[in-house]
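Residue numbers (this note's numbering): 825 to 1263.
Read through the structure below, which is laid out as structure tokens, and then see the notes.
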């Protein structure tokens, strides 16, 4: 990997692209440290210290993770990339159920451009809703649990003007993040949004590791590092694992030219769904916890509020872990079923004269692909569930921070984006240094 980066910096155009990506990352991280107008920075820092870097705000740890810790600091980039991720997931689901969107997807580049535009609009709408909720919680003192906001108010003023300015600022920050991500995709290397997510996740890594050392000493820190390296190696192995289904294409005449006669394969990854099921499951579990938090300040809260606070707020309870694991398994099967359509793949193979050796074209091919996909999805879903439970187990055993670095969403994003970016760098190096057979 280091050799690929060294060779890339020796190539002038690749060096310009990599330096451009680094410049965007610096701008992105700078915006994650600039507080929004009206925020009492000193009180926010003091409250974060009192809650052990936000561990008391476990309800928002996923959004805080994707914002690189900027959410609880109430910066201009406080929402991070989360509204865009949510909008992209919603559009992917709607493409399956809305015929108009499915037709746009099948139109090629023009249709994909239109879907991207819809994603931008939906991102801004979600950003307004999320910013409104975050600022409202900051005004009421519920954003940072365990901190007395009567003596340490998070905002200088609770008037409507300050509220609106903060909401507009955070929404504009989300729009700027989208623009920066698209700039990286167009002029840099790799997927811009993925690289920005990777940047925010990695930004919290040193602080969370140092928190483990400060709380539990060098012995526990060393054990966590060794286990973490083993986990990274295991995740790389699983993320690269795939089942290759061979496909043969028969020769056919089109006019005076002969086409086909080649062989290829369909790569079915063990983790076909990526990190999406973990995000789905986390978001679904946050809904009852968030609803209970709005009811907690009432004089006589309902009985279900106490039940949710006891079992579904902190992740160290066995019931929470069991529900979280089952939701991940369910959403893995669900997401794979809507992103890989065996009927469509079988029809395309039949249309272009392709077949799987030993399997008849049409319905038998569709049944075979469904069978293989279901067999692969089972270990993939179990793998995702176990990886996602690692920070929860660490929270229960050593009382680690909710953003425990090795495990869950963070390690999947770090490994996945790093592998994809290195592959793209290597492919561009091969294009520029290909010497041919006649040298």
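Glycine included, each C-beta is placed from N, C-alpha and C at the ideal position.
None of these values were measured; they are calculated from a predicted model.
Look at the Cβ atom of residue i, then the Cβ atom of residue j, and state whether they are nearer than 7 Å.
i	j	result
residue 832	residue 838	yes
residue 950	residue 996	no
residue 1200	residue 1094	yes
residue 867	residue 976	yes
residue 1148	residue 1105	yes
residue 915	residue 943	yes
residue 1183	residue 1023	no
residue 1074	residue 1177	yes
residue 1045	residue 1036	yes
residue 962	residue 948	no
residue 1144	residue 1136	yes
residue 990	residue 959	yes
Thinking just about the alpha-carbon of each residue, which of the options is nearest to the one in residue i?
i	options	result
residue 854	870, 869, 902	902
residue 1018	1246, 1251, 1253, 1151	1246
residue 964	1131, 954, 982	982
residue 1241	1060, 1036, 1116, 1065	1060
residue 1164	1136, 1153, 1174, 1193	1193
residue 1004	846, 1113, 918	846
residue 1281	1000, 1129, 954, 1006	Here the chain has residues from 825 to 1263 only, and residue 1281 is not among them.
residue 1066	1204, 1253, 921, 852	1204
residue 863	894, 1046, 836	894
residue 1173	1028, 1087, 870, 1014	1087
residue 1131	1145, 1124, 1113	1113
residue 1252	1108, 930, 1014, 1041	1014
residue 957	1048, 907, 1127, 1210	907
residue 999	952, 1032, 922, 1107	952
residue 1243	1062, 940, 967	1062
residue 1006	1033, 1054, 937, 986	937
residue 1099	1254, 1210, 1142	1210
residue 1109	1249, 1042, 1146	1146
residue 1217	1043, 1141, 1064, 940	1141
residue 1054	1128, 1214, 836	1214
Beta strand (DSSP E) containing residue i: first to last residue?
i	result
residue 1070	1066 to 1073
residue 1157	First-last for residue 1157: 1142 to 1163, but that is the alpha helix (DSSP H), not the beta strand (DSSP E).
residue 1088	1087 to 1093
Using C-beta distances below 6 Å, list every residue in its chain close to residue i, excluding the 5 sequence neighbours before and after it, in chain order.
i	result
residue 843	none
residue 900	855, 858, 860, 993, 997
residue 1008	845, 848, 1016, 1019
residue 1166	1190, 1193, 1194
residue 967	961
Please return the same chain residues whose Cβ sits closer than 8 Å to the Cβ of residue i, not counting the five positions on each side in sequence.
i	result
residue 1259	Reliability fails at residue 1259, whose pLDDT of 45 lies under 50, so the model's placement of it is uncertain and the value that follows must be treated cautiously. Excluding residues within five positions, none has a Cβ falling inside 8 Å.
residue 1170	1185, 1186, 1187, 1189, 1190, 1193
residue 920	926, 1162
residue 1103	886, 909, 913, 1233
residue 851	1004
residue 1206	1153
Write down the C-beta distance between residue i and residue j rounded to the nearest angstrom, noting that I regard them as a contact closer than 8 Å.
i	j	result
residue 841	residue 1012	5 Å
residue 818	residue 935	One cannot answer for residue 818 here, as it falls past the ends of the chain, which runs 825 to 1263.
residue 1021	residue 905	5 Å
residue 1134	residue 1116	Residue 1134 to residue 1116, Cβ: 10 Å. No contact.
residue 896	residue 872	6 Å
Going along the chain, which residues of its own chain have a beta-carbon closer than 7 Å to the beta-carbon of residue i, five neighbours each way excluded?
i	result
residue 1069	1089, 1090, 1092, 1180, 1196
residue 1160	1096, 1097, 1197, 1201
residue 1101	1152, 1155, 1156, 1159, 1208
residue 865	859
Going by DSSP, what residue range makes up the alpha helix (DSSP H) through residue i?
i	result
residue 997	984 to 1011
residue 1166	1166 to 1175
residue 964	933 to 964
residue 901	No alpha helix (DSSP H) contains residue 901, which DSSP labels as neither H nor E.
residue 855	836 to 855
residue 925	923 to 930
residue 1024	1016 to 1027
residue 863	Note, residue 863: premise wrong, no alpha helix (DSSP H); not H, not E.
residue 1185	Here residue 1185 belongs to no alpha helix (DSSP H), and DSSP marks it neither H nor E.
residue 1129	1127 to 1135
Under 6 Å from any heavy atom of the ligand GDP, does the C-beta of residue i make it?
i	result
residue 1093	The ligand GDP is absent from the structure shown, which contains no ligand whatsoever.
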